[in-house]
Amino acid sequence: MVIKSRENSVGAWAFLTGVILAIIIGLSTTLLPIPSLSQYNAQIYAILVILGVIVGYFNIRASESQTFLWAGAVLVIVSRFGMDSVTGSLIGIGIGPTVTSVFGALLALFVPATIVVALKTVFSIAKV
Numbered sequence: 001m002v003i004k005s006r007e008n009s010v011g012a013w014a015f016l017t018g019v020i021l022a023i024i025i026g027l028s029t030t031l032l033p034i035p036s037l038s039q040y041n042a043q044i045y046a047i048l049v050i051l052g053v054i055v056g057y058f059n060i061r062a063s064e065s066q067t068f069l070w071a072g073a074v075l076v077i078v079s080r081f082g083m084d085s086v087t088g089s090l091i092g093i094g095i096g097p098t099v100t101s102v103f104g105a106l107l108a109l110f111v112p113a114t115i116v117v118a119l120k121t122v123f124s125i126a127k128v
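Residue numbering for the sequence shown follows the working numbering, starting at 1 and increasing by one per position.
What follows is the structure in structure tokens.
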């Protein structure tokens, strides 16, 4: 029988919920337009930002911060550049705006998480 640790279940659930919500929002804005989601688009992005803060604060321990910062920085940079380049390269297929929307929603989740972890790391180094 596997014993699970419950020490970071809040952060883990926030991360899982945020990624699923980001993908749903990304797909719902262009590929499968859902009117109720489009109506509350700003509020849903605010929820993604709040979930990102929760993930950064509760889910990442000091021993994991360097790995998370590298992965988060790469994800943010690649997503942002991918938003620009994917629109032009996938325009003939018709999924360029959908991929761009998914990348934007993932950025709304991961940018706050990366900033929170970076601030926690800086404060732990400075011993404030």
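In this text, a Cβ means the ideal position worked out from N, Cα and C, and glycines have one as well.
Excluding sequence positions up to five away, which residues of its chain have a Cβ less than 8 Å from the Cβ of residue i?
| i | result |
| --- | --- |
| Arg80 | Phe103 and Leu107 |
| Leu69 | Thr114, Val117, Ala118 and Thr121 |
| Ala105 | Leu21, Ala22, Ile23, Ile25, Gly26, Tyr45 and Leu48 |
Using 8 Å for Cβ pairs, my map puts residue i next to residue j. What's the rounded Cβ distance?
| i | j | result |
| --- | --- | --- |
| Leu48 | Ala14 | Their Cβ separation, rounded to whole angstroms, is 10 Å, which puts Leu48 and Ala14 out of contact at 8 Å. |
| Val10 | Ile54 | 7 Å |
| Pro112 | Gly72 | Between Gly72 and Pro112 the Cβ distance is about 10 Å, and since that is not below 8 Å, they are no contact. |
By a C-beta neighbour count over all protein chains shown, 10 Å radius and 16 as the cutoff for buried, is residue i buried or exposed?
| i | result |
| --- | --- |
| Thr67 | exposed |
| Ile44 | buried |
| Val99 | buried |
| Ile25 | buried |
| Leu16 | exposed |
Would you mind reading off the limits of the alpha helix (DSSP H) that contains residue i?
| i | result |
| --- | --- |
| Tyr45 | Asn41 to Ile54 |
| Lys120 | Gly96 to Ala126 |
What residues in its chain sit with their C-beta under 7 Å from that of residue i, if we drop five residues either side in the sequence?
| i | result |
| --- | --- |
| Ile86 | In the sequence as displayed, the identity of residue 86 is Val instead of Ile. Answer for Val86: Gly96, Val99 and Thr100, listed in chain order. |
| Ile34 | Ser28 |
| Ala62 | Ser124 |
Taking 6 Å as the limit between beta carbons, can you name the residues of its chain near residue i, skipping five residues before and five after?
| i | result |
| --- | --- |
| Leu134 | It is not possible to answer for residue 134, since the shown part of the chain is limited to 1 through 128. |
| Ser65 | Val117 and Thr121 |
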